[in-house]
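Quick notes on the structure that follows.
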Amino acid sequence: MIGVELRKLLRRPRTWIVIALIDALPTLVAVLLAITDLAPRPGTGPAFLSAVLTNGVLFPAAALAIVLPLFLPVSVAVVAGDSVAGEAQAGTLRYLIARPAGRTRLLVAKLVAVLVFVALAVVVVTVTAYFVGTSLFGSEPLGGSVLSVSGTPLTPREAVLRTLLAMGYVAFSMLGVAAVALFLSTVTDSPLAAAMGALAFLVASSLLLTLDASGALQPYLPTRYWLAFVDLFRQPIRWRDIVRGIGLQSVYVAVLLAAAWANFTTKDIKS
Amino acid sequence: MTAVIRTRGLTKRFGSLTAVDSVDLDVGADEVYGFLGPNGSGKTTTLRMLLGLVLPTSGTVEVLGARIPRQARQVLHRVGALVEAPAAYGHLPGRANLALLDAAGPGGPRRTRGARIDEALEQVGLAGVGRRPVKAYSLGMRQRLGIAAALLRRPELLILDEPTNGLDPQGIHEIRDLLLGLNASGTTVFLSSHLLAEVELLCRRVGVVDGGRLVLQDSLESLRAPTGRVVLRTPDPEWAVSLLDGQLSGRSGDRLVVRSDDPAALNARLVGHGIRISELTAERRTLEEVVLAATSAGSDRVDGAAPREVGGEFPGTGSPRPPSIEEGR
């Protein structure tokens, strides 16, 4: 069943178009930076961008910071929101259930397919950014080391390792979005409604984060610790927010997946 | 008779609406069973409960001896189904669609998959369809693909909802022959349809639902028992009328309707008096008469205070209508 869902995901042109679009933005940013040589001043603009002009090795991290706030969550919401509701809308859901695929199995397979999509998107973005960054900005800075966000040097080996950790953290942060969209996807028969619902959830969360009055809520908002992956590039790594981010996402994922399962296994398939 | 489908007290409520109301279905092995009823009478909901799609409010469903939905995984791979319209992934070719569906559940070994897909496409007349994506298929081709999907694992039971929808007369004939052939080789067919002529040609037993209740379940043979009247045509109607005085119950031109339990004796008597007979049959109720007598108007008919003409198949008069289960989406 998981194989079936992966084949559906990978054979679908939309998957690759979405990934290509996500990938296009950081690439465009890199090209513009390289042409104009105008990096944002340190402390402004997306994270890491001020540093990449001197060293392309940090560009993968910068690319993740560029796609993380909007592009990645939108695409994850679309794919996860489509997973069950899309089958319902196309009418194929009733044939899968009557096949019988098993409702729990189907849901797990859909979840795995969404995870693979997230991983694929993150890997494609990072790998492209690495090649784009190192070819446009060079990879050998003076002194042979990369400057961390804290200003102390990182060895290239450390930089690569931390980029891998950052990829993992970003992918994990997207699971919360995926879980919201997947849950909504089992509720409605409209993939659009499921994706939009998940996005509304994120927009609300981002908005509340900017509001002083919602201070009491902020530690529990799903997007609160997303950018904590920047802390991976400090020397030494500041784990506090990263650990909290993982804990918070885990709670969201567990609760929403349980709700999705409870809803989907007891639902009348009328589509 | 071993029961292939057996429901007891099957009931489904959606809120305050009782869509299916204590239905006791019995479908035996090797039968071709016609499941009839007006729109919104609960046909599709019942069918969906047989396949574990809709979960009953109360009552039991057994398919091939297993409880649905609890034991669905044990038996449903031996059931082929077409529920309402066929559905497929438009960007993939028909073969890829069949392969994905086959791989999505138990009982479809990969080793035989290619051969089974070839056979099913052959059976429904799509063998030469090639690599075209399904979105380029015509309505009839999609219908055929849907039937092929139902046939993929050589099922013991076929549950088909309007299987000839979208097919031309030639296609309808092909599918009817296919279903009768499959039935002759031991497949039970459970067919839901509006097309009474089709049901009459295919089915040996019918069940009729109306307002969620099973109002009739009997063999077609006994439902269509002779009415005790004989319809005949004769070039000499005046003679016949004078001879049959008292037995005659209707006449239009040279066509006479005569009360008689014995068509052979009636024929002999008329011919004995020198009356020529060009046609003579015992009158039977048509399935349409049986169904119309047993059911009320479908839920898609919405009469206002002053009755007016409403096309039976085309709702959309803009007036409020009762919630219909048939159009559950």
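The listed protein sequences derive, respectively, from chains G and F. Numbering-wise, the first sequence is residues 605 to 875 according to the working numbering. Numbering-wise, the second sequence is residues 19 to 347 according to the working numbering. Just so you know, even glycine gets a beta-carbon here, dropped at the ideal spot from N, CA and C. Note that the structure is a prediction, hence the values are computed from the model and not measured.
Residue-chain proximity (residue i, chain G), Cβ-Cβ < 9 Å
i, result
"LEU139 (chain F)", "no"
"PRO104 (chain F)", "yes"
"LEU110 (chain F)", "yes"
"GLY123 (chain F)", "yes"
"TYR155 (chain F)", "no"
"ARG91 (chain F)", "yes"
"TYR107 (chain F)", "yes"
"LEU71 (chain F)", "yes"
"ARG66 (chain F)", "yes"
"LEU94 (chain F)", "yes"
"ALA99 (chain F)", "yes"
"ALA167 (chain F)", "yes"
"PHE32 (chain F)", "yes"
"LEU234 (chain F)", "no"
"LEU118 (chain F)", "yes"
Interface flag, residue i vs chain F, CB-CB below 9 Å
i, result
"LEU614 (chain G)", "no"
"ASP641 (chain G)", "no"
"THR767 (chain G)", "no"
"PRO630 (chain G)", "no"
"ALA694 (chain G)", "yes"
"ALA783 (chain G)", "no"
Close beta carbons around residue i, own chain, < 8 Å, minus the five adjacent residues each side
i, result
"ALA121 (chain F)", "ARG128 and ARG131"
"LEU812 (chain G)", "SER818, LEU821, GLN822 and LEU825"
"GLY316 (chain F)", "PRO56, ASN57, GLY58, SER59 and GLY330"
Extent of the continuous alpha helix (DSSP H) run through residue i
i, result
"TYR734 (chain G)", "707-741"
"SER654 (chain G)", "653-656"
"ALA694 (chain G)", "675-694"
"GLN235 (chain F)", "It is not in any alpha helix (DSSP H) - GLN235 (chain F) instead sits in the beta strand (DSSP E) that spans 231-237."
"PRO795 (chain G)", "795-813"
"ARG781 (chain G)", "It is Val, not Arg, that sits at residue 781 (chain G) in the sequence shown. Where VAL781 (chain G) is concerned, the enclosing alpha helix (DSSP H) stretches over 760-791."
"SER260 (chain F)", "255-261"
"LYS61 (chain F)", "61-68"
"ALA99 (chain F)", "Run containing ALA99 (chain F): none in the alpha helix (DSSP H); it sits in the beta strand (DSSP E), 97-100."
"ILE623 (chain G)", "617-640"
6 Å CB neighbourhood of residue i in its chain, flanking five on each side removed
i, result
"THR790 (chain G)", "VAL688, ALA864, ASN867 and PHE868"
"LEU746 (chain G)", "With a pLDDT of 47 at LEU746 (chain G), under the threshold of 50, the modelled position of that residue is not reliable, and the figure given next carries that caveat. Counting only Cβ-Cβ distances below 6 Å, and skipping sequence neighbours, we find nothing."
Sequence-distant residues of the same chain with beta carbon closer than 7 Å to residue i, five excluded per side
i, result
"ASP835 (chain G)", "ILE841, ARG842, ASP845 and ILE846"
"ARG848 (chain G)", "TYR829"
"GLU192 (chain F)", "GLY143"
Residue i - containing beta strand (DSSP E), residue span
i, result
"VAL227 (chain F)", "223-228"
"ALA286 (chain F)", "Careful: ALA286 (chain F) lies outside any beta strand (DSSP E), inside the alpha helix (DSSP H) at 281-290."
"TYR51 (chain F)", "50-54"
"PRO244 (chain F)", "244-251"
"THR130 (chain F)", "No beta strand (DSSP E) contains THR130 (chain F), which is instead part of the alpha helix (DSSP H) from 128-141."
"ILE177 (chain F)", "175-179"
"THR36 (chain F)", "35-41"
Local Cβ density within 10 Å of residue i, reported as buried at 16 or more and exposed below that
i, result
"ILE639 (chain G)", "exposed"
"VAL207 (chain F)", "buried"
"GLN188 (chain F)", "exposed"
"ARG645 (chain G)", "exposed"
"THR299 (chain F)", "exposed"
"ARG766 (chain G)", "buried"
"VAL635 (chain G)", "exposed"
"SER34 (chain F)", "exposed"
"LEU198 (chain F)", "exposed"
"ASP686 (chain G)", "buried"
"THR62 (chain F)", "buried"
Chain C contact for residue i (CB, 9 Å cutoff)
i, result
"LYS714 (chain G)", "Chain labels in this structure do not include chain C; the protein chains are G and F."
*Would you call the region 145-162 of chain F and the region 85-97 of chain F touching, i.e. three or more CB-CB distances under 8 Å?*
no
*Would you call the region 854-862 of chain G and the region 796-812 of chain G touching, i.e. three or more CB-CB distances under 8 Å?*
no
*Does the region 105-113 of chain F touch the region 149-160 of chain F, meaning 3 or more C-beta pairs lie closer than 8 Å?*
Judged by Cβ distances under 8 Å, the region 149-160 of chain F makes contact with the region 105-113 of chain F, as three or more pairs qualify.
*asked:* If contact is defined by three or more beta carbon pairs under 8 Å, each pair taking one atom from either stretch, is the region 282-295 of chain F in contact with the region 252-265 of chain F?
replied: yes
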